[in-house]
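See below for the structure under consideration.
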Amino acid sequence: MTPQSPSSPSETLDLILAHLLPLLLTAVTSVKALVSRWRLVHSKLLLLQSSLSEASLARNSLSNPLFLDLVCSLHSTLQKLHSLSSRCLDPSLPTGRLWLQSDLDIATSSLTLHLQDLSLLLKSGLLSHKQDSPHAIVLPLPGPTSSKADIVLFIRDAFARLQIGNLDIKLKALDSLLDLLQSDPAKLSPVVTTEGDVPVLLRLLDLSTHSHLIDRAAAVVSLLSTSSASSCYAVFNEGGLGPLLRLIESGSVTSRHRAAAAVEAITIDPARAWAVSAYGGITVLINACRSGSGSPSSLQSLVVSSLKNVASLEDVRIAIFEEGGIPVLVQLLASDNIDAQKSATLCLWSLASAGGEEMCVAIIHDSGLSRLLQLLYSSSDRELLENTLRAIHALSVLPSASKSLSSSPLFFSRLAEFISRGGISNFSCQQIAASLVADLSPSDDIKKSMAPCMSPLVKMLEISKPVVMQETASRALVSLLDVKSNRKELVKDEKSMTRLVQMLDPCNDQVSKRPVVSVVLALTSIGGNGARKRLMETGANQFLQQLAESEVAGAKKALQRLSGSRLKNLFLLGRS
1 MTPQSPSSPS ETLDLILAHL LPLLLTAVTS VKALVSRWRL VHSKLLLLQS
51 SLSEASLARN SLSNPLFLDL VCSLHSTLQK LHSLSSRCLD PSLPTGRLWL
101 QSDLDIATSS LTLHLQDLSL LLKSGLLSHK QDSPHAIVLP LPGPTSSKAD
151 IVLFIRDAFA RLQIGNLDIK LKALDSLLDL LQSDPAKLSP VVTTEGDVPV
201 LLRLLDLSTH SHLIDRAAAV VSLLSTSSAS SCYAVFNEGG LGPLLRLIES
251 GSVTSRHRAA AAVEAITIDP ARAWAVSAYG GITVLINACR SGSGSPSSLQ
301 SLVVSSLKNV ASLEDVRIAI FEEGGIPVLV QLLASDNIDA QKSATLCLWS
351 LASAGGEEMC VAIIHDSGLS RLLQLLYSSS DRELLENTLR AIHALSVLPS
401 ASKSLSSSPL FFSRLAEFIS RGGISNFSCQ QIAASLVADL SPSDDIKKSM
451 APCMSPLVKM LEISKPVVMQ ETASRALVSL LDVKSNRKEL VKDEKSMTRL
501 VQMLDPCNDQ VSKRPVVSVV LALTSIGGNG ARKRLMETGA NQFLQQLAES
551 EVAGAKKALQ RLSGSRLKNL FLLGRS
């Protein structure tokens with residue numbers, strides 16, 4: 001028989017250590033039935049005796065509410081085990097073997113959980129910390145001047161409550177972690193992942209968990225994933241991607257948003273992006289972006305950003321294609337969320353530029369090119385326009401797309417705007433537009449309409465970085481100068497002609513000479529007498545002479561054209 005129930009936690013602890021545990025350890029050795037199961041119980045009781053003795057010596061164990069609750073639960077479990085041991089003294093088991101075996105297994109499982117909780121409290125160091133109030137649900141939130149030790153203790157206490165406490169305690173613990181992280185996310189996220197237990201948080205994302213716990217845990221995991229590189233890696237390294245993807249698929253709207261933000265942050269690093277496909281996440285992400293999926297545009301924006309991140313990988317591009325992702329991405333081009341549009345255009349660009357002809361054909365078949373052109377004509381956002389131009393440029397390698405674009409005066413009018421606008425903030429758009437002008441085959445009438453672009457293109461030749469800028473500008477100019485009227489227009493442009501000649505100067509080492517020489521050759525082609533004369537007048541021949549001696553490609557041919565013009569003029573003067 002055990003004594004009457006104690007009236008205080010302190011008395012309960014004394015009762016367990018001084019009476020109940022010794023009594024049980026003796027009783028277990030005397031059982032006649034289910035002996036192997038009782039041997040397991042005996043080993044656990046010995047471990048409990050050691051751990052509980054250690055905990056009782058901690059100076060503040062009796063002021064810790066988690067420990068006090070645990071002591072009460074232990075008392076109940078040990079009493080149950082004592083009762084069961086008495087029933088096992090008779091090997092015939094008059095009360096029934098299966099029923100008794102089930103009761104013993106349940107009590108043993110409870111004892112195992114108590115041991116885990118006690119071990120957690122001992123390892124955390126919380127039992128040595130003085131609690132201001134034994135009734136406090138969580139420790140006070142550390143302030144800006146709190147020491148590292150105080151912050152670590154707060155984190156360990158919160159994680160202990162997440163594992164030991166009831167629903168209310170767990171919710172309060174998650175709220176306290178959120179409050180801590182939000183006070184300085186970048187600084188405190190690494191501390192939380194180092195001193196806390198990330199797998200505990202991730203287990204709370206399981207869809208069988210209480211919905212309030214899921215939402216709060218998703219908020220904490222989202223903050224950890226988005227606030228610092230190290231804490232983001234910790235979430236990924238502990239297997240966070242799988243639960244987060246499942247949450248995107250089946251969670252509440254709030255938790256789906258938080259999970260999507262975390263996945264977006266995780267997939268930014270290509271070294272982690274591959275795992276999305278391994279977890280079957282491509283289908284999840286695509287489905288979340290589908291019209292009719294119930295996903296708000298803000299959620300779709302986060303999800304398609306993750307698709308954009310992973311589309312740099314070949315296997316993922318194939319998966320996006322095979323899972324029907326292209327029409328979904330094309331549909332997002334008409335989204336009312338500009339961030340979703342930006343990510344969708346980048347994703348389509350990645351598919352078109354690296355996915356091969358089959359993917360380009362699929363994008364065009366699903367009206368991707370026409371949707372991109374609509375964006376190009378209607379948007380004013382620089383980043384979105386740049387992404388759109390990149391995607392169009394990647395698709396233009398297909399003959400059908402090239403033919404369609406080359407015959408569109410409206411498209412080239414828009415390209416002319418990008419080229420003419422220029423400016424440091426618009427270099428990328430200017431370069432892509434110039435590249436399209438160079439690569440496509442517009443009619444002479446369209447080329448004539450683009451004559452005002454030639455002066456900006458000449459200025460582009462002076463831009464030293466990126467190096468490809470000069471080459472692109474040169475190719476676009478050569479294309480436009482194929483039309484005689486454009487050659488005449490450029491010759492009339494005194495500033496542009498002066499710039500061209502100055503760029504030929506070997507002393508001007510900021511400009512690559514080959515692209516400039518290519519423009520000079522285009523200017524001095526058939527019917528280019530006016531250009532030859534103008535170039536001669538501005539001293540281009542002496543620079544071309546030096547470049548020819550340095551074996552710059554095209555310089556010798558350009559010099560011959562200028563020299564031929566000079567001899568012809570001398571011959572005409574002699575006859576007169």
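The opening residue of the sequence shown carries number 1 in UniProt numbering; numbering runs sequentially from there. Beta carbons are placed, not taken as given, at the ideal position from N, Cα and C, and that holds for glycine.
Asked: State the Cα-Cα distance for the pair L126 and S295, rounded to the nearest angstrom.; Found: 43 Å
Asked: What first and last residue would you give for the alpha helix (DSSP H) that runs through N541?; Found: 540 to 549
Asked: Return yes when the Cβ of L180 is within less than 8 Å of the Cβ of F159, no when it is not.; Found: no
Asked: Counting Cβ pairs closer than 8 Å, one from the stretch 37 to 55 and one from the stretch 111 to 122, do we hit at least three?; Found: yes
Asked: Given a cut-off of 8 Å, decide if L547 and K513 are closer than it, judged by their beta-carbon atoms.; Found: yes
Asked: Alpha carbon to alpha carbon, how far is T193 from S211? Give it in angstroms, no decimals.; Found: 23 Å
Asked: Determine the DSSP secondary structure at I463, reduced to helix, strand or coil.; Found: coil
Asked: For the alpha helix (DSSP H) containing K32, name the first residue and the last one.; Found: Unbroken run through K32: none, as it is neither H nor E.
Asked: CA-CA distance, T112 and S183?; Found: 37 Å
Asked: Suppose only complete runs of 4+ residues qualify. What are the alpha helix (DSSP H) ranges in the UniProt repeat "ARM" (324 to 352), listed by chain order?; Found: 325 to 332
Asked: Look up N508 in the DSSP assignment and say whether it is helix, strand or coil.; Found: coil
Asked: Taking all protein chains shown into account, decide if P142 is buried (16 or more other Cβ within 10 angstroms of its Cβ) or exposed.; Found: buried
Asked: Just the Cα atoms here: how many angstroms apart are P409 and I446?; Found: 6 Å
Asked: If you scan the stretch 100 to 158 from start to end, which runs of the beta strand (DSSP E) of 3 or more residues do you find wholly inside it?; Found: none
Asked: According to DSSP, simplified to helix, strand and coil, what is E238?; Found: coil
Asked: Short of 6 Å in beta carbon distance, which residues of its chain neighbour P134, apart from the five on each side in sequence? Order them along the chain.; Found: Confidence at P134 is low in this model, with a pLDDT of 47, below 50, so its placement is unreliable and no value can be given for it.
Asked: Whole angstroms are fine: how far does the CA of F411 sit from the CA of A259?; Found: 40 Å
Asked: Comparing C-alpha positions only, which one of K148, V511, L389, I286 sits nearest to K342?; Found: L389
Asked: Using a 10 Å radius around the Cβ and a threshold of 16 neighbouring Cβ atoms, would you call N237 buried or exposed?; Found: exposed
Asked: Pick from R59, H393, R216: whose alpha carbon is nearest that of Q430?; Found: H393
Asked: Among S378, E386, D439, A434, which has the Cα closest to the Cα of A401?; Found: D439
Asked: Given a cut-off of 8 Å on the beta-carbon distance, is the pair P91 and K32 in contact?; Found: yes
Asked: Rounding to the nearest angstrom, what Cα-Cα distance links A107 and K44 in this structure?; Found: 12 Å
Asked: Helix or strand or just coil, what does DSSP make of K568?; Found: Only weak support is given to the placement of K568: the predicted model assigns it a pLDDT of 44, under 50, and the question is left unresolved by the model.
Asked: How is R290 classed by DSSP in three states: helix, strand or coil?; Found: coil
Asked: My understanding is that I286 touches I338, with C-beta atoms under 8 Å, so please give their C-beta distance in whole angstroms.; Found: Not quite, the Cβ-Cβ distance comes to about 21 Å (not below 8 Å), so this is no contact.
Asked: At which residues does the alpha helix (DSSP H) containing G368 begin and terminate?; Found: 368 to 378
Asked: Do L74 and H42 have their C-beta atoms closer together than 8 Å?; Found: no
Asked: Look at the alpha carbon of R216 and the alpha carbon of L174, and state the distance between them as a whole number of angstroms.; Found: 6 Å
Asked: Taking the continuous alpha helix (DSSP H) assigned at residue 577, which residues delimit it?; Found: Since the displayed the chain opens at 1 and closes at 576, residue 577 lies outside it and no answer follows.
Asked: CB-CB under 7 Å to A433, same chain, minus the five flanking residues each way: which ones, in chain order?; Found: L389, L415, F418, I419
Asked: CB-CB under 7 Å to A275, same chain, minus the five flanking residues each way: which ones, in chain order?; Found: L241
Asked: How many angstroms separate the CA atom of A229 from the CA atom of K148?; Found: 20 Å
Asked: Count the other CB atoms, across all protein chains shown, that sit within 10 Å of the CB of N486; report buried if there are 16 or more and exposed otherwise.; Found: buried
Asked: Is A555 near L544, with beta carbons less than 8 Å apart?; Found: yes
Asked: To the nearest whole angstrom, what separates the beta carbons of residue 578 and R534, a pair I think is in contact under 8 Å?; Found: It is not possible to answer for residue 578, since the shown part of the chain is limited to 1 through 576.
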